[in-house]
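Beneath this line is the structure, given in C-alpha cells, with notes to follow.
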Amino acid sequence: MTTALITGATAGIGAAFARRLAAEGHNLVLVARDTKRLQEQATELHDRHGIEAEVLTADLSEDDGIGAVEKRLSDPKSPVDLLVNNAGFGNKGRYLEVSMADELTMLKVHCEAVLRLTSAAAESMRDRGRGGVVNVASVAAFVPRGTYGASKAWVVQFTQGAARDLEGSGVRLMALCPGFVRTEFHERAGMGTENIPGWMWLDADKVVSAALADLARGKSLSIPDPRYKALMGVVKLAPRRLLGGVTSKTGRKYGPQ
Ligand SMILES: NC(=O)c1ccc[n+]([C@@H]2O[C@H](COP(=O)([O-])OP(=O)(O)OC[C@H]3O[C@@H](n4cnc5c(N)ncnc54)[C@H](OP(=O)(O)O)[C@@H]3O)[C@@H](O)[C@H]2O)c1
C-alpha cells in the first residue's frame, strides 16, 4: 500500500485529491491548519475506504509548519510515495492594494513551502528510486495576473526544471495548472465570481482525475481540461499587452475593502 501526503487537504482541489486517492486504496497524510476539519475528514475517509489517514496540522506560512511537514516527508520508517503540494490562496486586491506582509505570506506558502517540501520528498524518493510530486500551480502562471500569477509561474518553472534534473531517477514531478475551479478559494479571498462565464468553471474531481492520468503518462505539465488547453494555445499567440487587459480583469472583482 502506498502513502500520499496532500497539503491543503481539507477543501477544494486538495480534498478532491484525498477522496480520489483514498478510493484507490492509498494511505494518506492530510495537511492543513484546521485540526478539527482534518480529523473529521480523516475519520470519514478511513471509515469509507478502510485506509489509514494521518492528520498533520501545519501552517505552511510558518517555518515551524513547513519544518514539521519536511520531517514527515523525510521519515524513512513511513515513506511517502506521492506528495501533492496544493495549499494556496489568493489575496484580496491588486498590486499595491495588498500589504507587503500578505504578499510575503503568499510567497512563503506558494514558493518556499513548495520548494522545501518538494526537496524533502524528492530526496528520499530518489534514494528509493520511485515517487511522484504534483505541484498545484494555475493557468494564471501563463498570463500577466498580479503577484498570484507570478508565484504560480515560479511553481511551473521550478517543477519542470526539477523534473528534467531528476529524469531517469524514478521520481516524477508535475506542475498542475487548472483554470477556475469551484472551491472555497474565491470566497476566502473575498473575490466576486459573477464576471466569470459559466463555461470557464471546472469541477475539482475532474481536475484531479485528469491530473493523475497526466502524472501516470509522465507529463511534467498538466492543463487538465481541453477548454483551457485551447485557451492557452491562443494565449501563446496573443500580444501580451492585450492579454494583460483581459486576464487581469477576469475573476478579480474584489468585495468591499
Ligand atoms: N479554485 C481555483 O479556481 C484555482 C485555480 C487554479 C489554481 N488553484 C490553486 O489550487 C490550490 C488549491 O486551491 P483551492 O481552490 O482548492 O482552494 P480552497 O478550497 O480555498 O482550499 C485551500 C486549502 O489550502 C489550505 N491552506 C490555505 N492556507 C494554508 C496554510 N497557510 N497552511 C496550510 N494549509 C493552508 C486550506 O486549509 P486551512 O484553511 O485549514 O489551512 C485548504 O485546505 C491552490 O494552490 C490554488 O492557488 C485554484
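Using our numbering, read the sequence shown as starting at 2 and increasing by one per residue.
From the three backbone atoms N, C-alpha and C, an ideal C-beta is built for every residue, glycine too.
Item: Exposure of residue 258, with buried meaning 16 or more beta-carbon neighbours within 10 Å; Value: At residue 258 the pLDDT is 40, less than 50, meaning the model places this residue with poor confidence and gives no usable figure here.
Item: Residue 44 burial status per 10 Å Cβ neighbour count (16 or more: buried); Value: exposed
Item: Residue 124: first and last residue of the uninterrupted alpha helix (DSSP H) it sits in; Value: 114-129
Item: Residue 221 and residue 176 closer than 8 Å at C-beta; Value: yes
Item: Nearest to residue 233 (by Cα), restricted to the options 140, 105 and 8; Value: 140
Item: Complete beta strand (DSSP E) runs within the stretch 20-60 (minimum length 3 residues, chain order); Value: 28-33 and 54-58
Item: Candidates 240, 209 and 32, of which the one nearest residue 114 by Cα; Value: 32
Item: Distance cut-off 7 Å: residue 240 Cβ against heavy atoms of ligand 1; Value: no
Item: Which of helix, strand or coil DSSP assigns to residue 218; Value: coil
Item: For residue 128 and residue 95, the rounded distance between their alpha carbons; Value: 43 Å
Item: Nonlocal neighbours in the same chain, by C-beta distance under 6 Å from residue 164, ignoring five residues either side; Value: 174 and 221
Item: heavy atom of ligand 1 below 7 Å from residue 62 C-beta; Value: yes
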